[in-house]
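**Student:** Next up is a structure, given as C-alpha cells.
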Amino acid sequence: MTDENVQSTQISFSFRKLPDPEMQQRASDFYELMSRRRTVRDFAPEPIPEGVLELAIRTAGTAPSGANKQPWHFCVVQDAEVRTKLRTAVEAEEKENYERRFSGEMKEDLASLETNFSKPYLTNAPGLIVVFKENFRLKDGIRRKNYYVNESVGIACGMLIAALHNAGLMTVTHTPNPMKFLNDMLNRPANETPVMVLPVGFPAATCTVPDIKRKGVQEILSYI
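In terms of UniProt numbering, the sequence shown has 101 at position 101, counting the first letter as 1, and numbering is strictly consecutive.
Written as C-alpha cells, this is what we have:
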C-alpha cells in the first residue's frame with residue numbers, strides 16, 4: 001500500500017545547456033551578489049514592495065525535499081498587535097537563554113557580535129516571516145511520515161534568504177529555542193515546529209554590522 005495511493009508520473013524535462021563562458025559568468029555574478037549579504041538588525045521603516053515577500057517564499061518552495069513532501073510552512077506576520085506579543089514572548093525566552101541557558105563559551109562567542117536578549121527588529125522590520133517545519137503529516141486523521149525534515153527545511157530557508165537578498169532586502173536569522181508558543185500565536189498545528197524567524201526589510205541609514213571575516217575557499221573546499 002502506497003503512502004497516499006498516488007501513482008508516479010514521469011514527464012519530459014526541458015533543459016538548455018548554457019555555454020561555458022555564460023555559466024562561469026553567472027556563477028561569478030551570483031557569488032559577488034551573495035558575498036555582499038550581511039545580517040542586519042537595524043531596519044528602516046520603508047515598506048517592502050507588494051508581492052516581493054510572496055515571490056521569495058515561492059522560490060523557497062521550489063527547494064528539494066525528502067520524497068517531495070515539502071515539509072515547510074511560511075507565515076508572514078503582518079498584524080502589529082500580534083508582532084508586539086510575539087516580540088514580548090521571544091524576549092522573555094531570550095532573557096532566560098542569556099542569563100541561564102547559554103554556556104559561558106557561547107556567551108563569549110556572542111560577545112563580539114554585541115547581541116543580547118532585546119529583539120527590536122521583531123516589531124521594527126517592515127516584514128516578518130516565521131518558518132515552521134512539518135514533523136509529520138496528518139492525512140484523514142492518520143499520521144504520515146515526512147522524510148529528512150530538518151535537511152529539507154534547511155535548504156528551503158537558505159533559498160529563501162538568497163531570494164530575499166537577490167531582491168535587495170536584508171534579514172536576520174533568529175532561530176527560536178524554545179518557541180513552541182508560536183504555534184498558538186500564529187494558529188499553526190501541533191505537528192509543526194517553528195525553526196526560524198526572519199525579520200526582513202531595508203537597513204536603516206545608521207545601520208552598522210560586525211567587522212567579521214568569512215572563511216576562505218581553501219578552508220571550506222577540498223578535492224579528492
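Quick reminder that beta carbons are idealized off the backbone N, C-alpha and C, glycines included.
1. Considering only residues of the same chain and omitting the five flanking positions on each side of residue 75, which have a CB-CB separation below 6 Å?
2. Can you tell me whether DSSP reads residue 1 as helix, strand or coil?
3. If you draw a straight line from the alpha carbon of residue 41 to that of residue 173, how long is it in whole angstroms?
4. Among 141, 111, 169, which one has its Cα closest to the Cα of residue 37?
5. Does the distance from the CB of residue 126 to the CB of residue 216 come in under 8 Å?
6. Is DSSP giving residue 213 helix, strand or coil here?
7. Here's the rule I'm using: 16 or more other beta-carbon atoms within 10 Å means buried, otherwise exposed. How should residue 57 be labelled?
8. In terms of residue numbering, what span does the alpha helix (DSSP H) encompassing residue 153 cover?
9. For residue 152, does the count of other Cβ atoms within 10 angstroms reach 16, so buried, or fall short, so exposed?
10. For residue 144, does the three-state DSSP call read helix, strand or coil?
11. CA-CA distance, residue 175 and residue 157?
12. Just grab the DSSP bridge partners of residue 203 for me.
13. I believe residue 93 touches residue 179 by the beta-carbon criterion, under 8 Å. Please report the beta-carbon distance rounded to the nearest angstrom.
14. Grab me the residues of residue 44's own chain with a C-beta within less than 6 Å of its C-beta, minus the 5 sequence neighbours each way, in chain order.
15. Could you tell me the distance, in whole angstroms, from the CA atom of residue 142 to the CA atom of residue 30?
**Tutor:** In brief:
1. The beta carbon of residue 75 sits closer than 6 Å to the beta carbons of 130, 186 from its chain, once the five residues preceding and following it are set aside; these are given in chain order.
2. In this prediction, residue 1 has a pLDDT of 42, which is less than 50 and means its spatial position is unreliable; what the coordinates show is noted afterwards. In the structure shown, residue 1 falls within a coil segment according to DSSP collapsed to helix, strand and coil.
3. 10 Å
4. 169
5. Not a contact, by the Cβ cut-off of 8 Å.
6. coil
7. buried
8. 149-166
9. buried
10. strand
11. 11 Å
12. 43
13. 7 Å
14. Only 202, 204 meet the Cβ criterion.
15. 43 Å
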